[in-house]
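First comes the structure, then the notes that go with it.
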Amino acid sequence: MTELTSMTFSETDLDAIAAQTGRVAIFVDAKGKLDPGARRVNKMMKGAIARLAESERWNKMKEADLITLAYPQGLQADAVDVVRIERSAKADVARKAGAALAKARGGKGDVLMLAGPLRRAEDTVYGFAMRDYAFEVHKTAESSRTGGVTVMTGKPDDLKLSAVAPLAVAEGAHMCRDLVNEPANVLTTTNYAERLKEMENLGLKVEVLDEDALAKLGMRTLLSVGQGSDSPSYVVAMHWNGGPEGEAPLALVGKGVVFDTGGISIKPAGGMEDMTMDMGGSAAVAGVMRTLALRGARANVVGLVGLVENMPSGNATRPGDVITSMKGDTVEVINTDAEGRLVLCDVMWYAQEHYKPSAMIDLATLTGAIIIGLGHENAGVFSNDDDFCDGFLKAAKTEGEGAWRMPLGQAYDDQLKSRIADMKNVGGRPAGSITAAQFLQRFVKEGCPWIHLDIAGVASVKSETTLAPVGATGWGVAALNRLIADRYEAE
Ligand code: BES
Ligand code: MN
Ligand code: ZN
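Next comes the structure, spelled out in structure tokens:
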């Protein structure tokens, strides 16, 4: 797994600045008020920081922007990064500042952060850790990533403690990104199941259900998606029981299509390579489970993922086939490219039958239509429970992860009527994301609060975001972790 950049927390020692190699980061407010650390750097640089803080350029900078002063005289460091930030900056700004520093570092060299003036240094540390990510496992040159971060502050032990949970989120997000970025010849269903099994090291209980077990359970719609592939299908259940014994868990369910060719309803060649990310929902579930274990969350959560590959072959499901789901409802498969819902419906049914969860959230790169509707800024949020949904939207907002609620309704559900079976797996062109959600809702039991997150637009992106470079974002790990912390953990 791509490891977090190493972070050490130490007592402020101004005499150590001169000998620091790599970069030195200081934090200065709009008015140019210098804390002791910045004042020392200013003195070593013969007043350069004070001049910068009086300049027009400084005035034009936005909060959390930085200016790099390269090869400063009086210091060993190659650069001094001067971040404009108020002492009272909110969490999102503090994170942005950390991300800006990580971007400036570019994965190379040491950084000394003089965090004295930051009231939310743990957020800056988090922003740095999130943004300081690169997927390099397939670059044959030895990793160019070097160095680490030293954060100097008045109370290093306190900061170290308050950074535990944020860094657990960053590590969960890194794992999620690694999985999403990994190509499908490496991240086969079997390799994926093995990687999840390894999380037992962290204290999670991980069960792998193979095809025989899935057949016995009657997960025929899930198996129908994987049957055209040489890779076997699996369902993996990850358990974190940090809450009261016997308390019903929250169930997280993820779509784990390691590659989506579309099957017999094959996709066009252009852009098909992006379908390595079609397991993004399952990766977010795995990432959150990792985070919960790393920070010892006091909640019961079960994460279930359906791992399959959607391939065309002589044995693949045909358009027109009718499959009986685990629930017992029959599905006419009109389009084998609408496979995610066929995977999820069985796993969701299993989750409810087997674990009697207090609530359920599924995540899936489910529809191209959600990208048409919401772009890459927001995931689509569908729910049968306003209070639960509001809780999630709030958590996502706090974490800076875009999420926008979409409607459900009987008229959309009617689009799924089939002439010969209980339902079709597609509802036609209008409202494609909503009919997909309606399909899933048919597999949600009465009284089970449920949220469906369509993350097709946000799981992997072609231009960088505040906290992530191009590629897999880790969307959902932070928001789900926040929701669990807010709603499911005892004080
Ligand atoms: N995995 C795709 C959805 C997707 C598209 C994810 C783009 C990420 C980026 C899904 O399985 C799919 O193919 N959906 C079809 C549904 C259609 C056949 C009803 C789609 O969106 O075209
Ligand atoms: Mn598809
Ligand atoms: Zn898909």
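Residue numbering for the sequence shown follows this note's numbering, beginning at 463 and increasing consecutively. Glycine included, C-beta positions come from ideal geometry on N, C-alpha and C. Just so it is clear, the structure is predicted and the values come from calculations on it, not from any experiment.
Where the beta carbon is closer than 5 angstroms to any heavy atom of ligand 1, which residues qualify, in chain order? 722, 740, 797, 799, 800, 802, 827, 829, 830, 888 and 918
Please name the residue or residues paired with residue 573 in a DSSP beta bridge. 485 and 611
Enumerate in chain order the residues of its own chain whose CB-to-CB distance from residue 911 is below 6 angstroms, with the five nearest sequence positions on each side excluded. 821, 847 and 850
Distance between residue 727 and residue 554 (C-alpha atoms, nearest Å): 43 angstroms
DSSP state of residue 812, grouped into three classes? helix
Bridge partners of residue 794, per DSSP? 784 and 886
For the candidate residues 810, 517, 503 and 536, whose alpha-carbon lies nearest to that of residue 543? 503
Just to check my reading of the structure: residue 913 and residue 843 have Cβ atoms closer than 8 angstroms, yes? What is that Cβ distance to the nearest angstrom? 6 angstroms
In three-state DSSP terms, what is residue 588? helix
Quick one: which unbroken beta strand (DSSP E) runs of 3-plus residues sit fully inside the region 840 to 911? Chain order, please. 841 to 845 and 865 to 867
Any Cβ of chain D within less than 8 angstroms of the Cβ of residue 665? The structure shown has no chain D; it contains just one protein chain.
Over what stretch of residues does the alpha helix (DSSP H) that includes residue 746 continue unbroken? 742 to 756
Limits of the unbroken alpha helix (DSSP H) element including residue 686: 682 to 688
If you measure from the CB of residue 809, is any heavy atom of ligand 3 nearer than 7 angstroms? no
Residue 719: CB within 7 angstroms of a non-hydrogen atom of ligand 3: yes
Considering only heavy atoms of ligand 2, does any lie closer than 7 angstroms to the CB of residue 733? no
For the region 739 to 749 against the region 929 to 945, are there 3 or more C-beta pairs whose distance is under 8 angstroms? yes
Going by Cα to Cα distance, which pick from 676, 621, 769 and 589 is closest to residue 656? 769
Say the cut is 7 angstroms; is the CB of residue 772 nearer than that to a heavy atom of ligand 2? yes
Assign residue 766 to one of three DSSP states: helix, strand, or coil. strand
Three or more C-beta pairs below 8 angstroms linking the region 608 to 628 and the region 509 to 526: no
Under 8 angstroms between C-beta atoms of residue 590 and residue 564: yes
Say the cut is 7 angstroms; is the CB of residue 724 nearer than that to a heavy atom of ligand 2? yes
What is the residue span of the alpha helix (DSSP H) that residue 834 lies within? 831 to 836
Alpha carbon of residue 781 to alpha carbon of residue 888, nearest angstrom: 11 angstroms
Evaluate contact between the region 489 to 504 and the region 636 to 655, counting only Cβ atoms and requiring at least three cross-stretch pairs below 8 angstroms. no
Quick one, which of 601, 634, 680 and 718 has its alpha-carbon nearest residue 652's? 718
Beta-carbon proximity check, residue 595 vs residue 628, cutoff 8 angstroms: no
Along the alpha helix (DSSP H) that carries residue 946, what are the first and last residues, could you check? 939 to 949
How about residue 751 and residue 810: do their beta carbons lie closer than 8 angstroms? no
When you compare only the Cα positions, how much space is there between residue 748 and residue 475? 40 angstroms
Report, in whole angstroms, the separation of the C-beta atoms of residue 812 and residue 697, which I expect to be a contact under 8 angstroms. 7 angstroms
Roughly how many angstroms separate the alpha carbons of residue 597 and residue 643, rounded to a whole number? 7 angstroms
Would you mind reading off the limits of the beta strand (DSSP E) that contains residue 528? 528 to 532
Residue interval of the alpha helix (DSSP H) (run including residue 636): 626 to 643
Taking the alpha-carbon positions, what's the residue 678 to residue 791 distance? 17 angstroms
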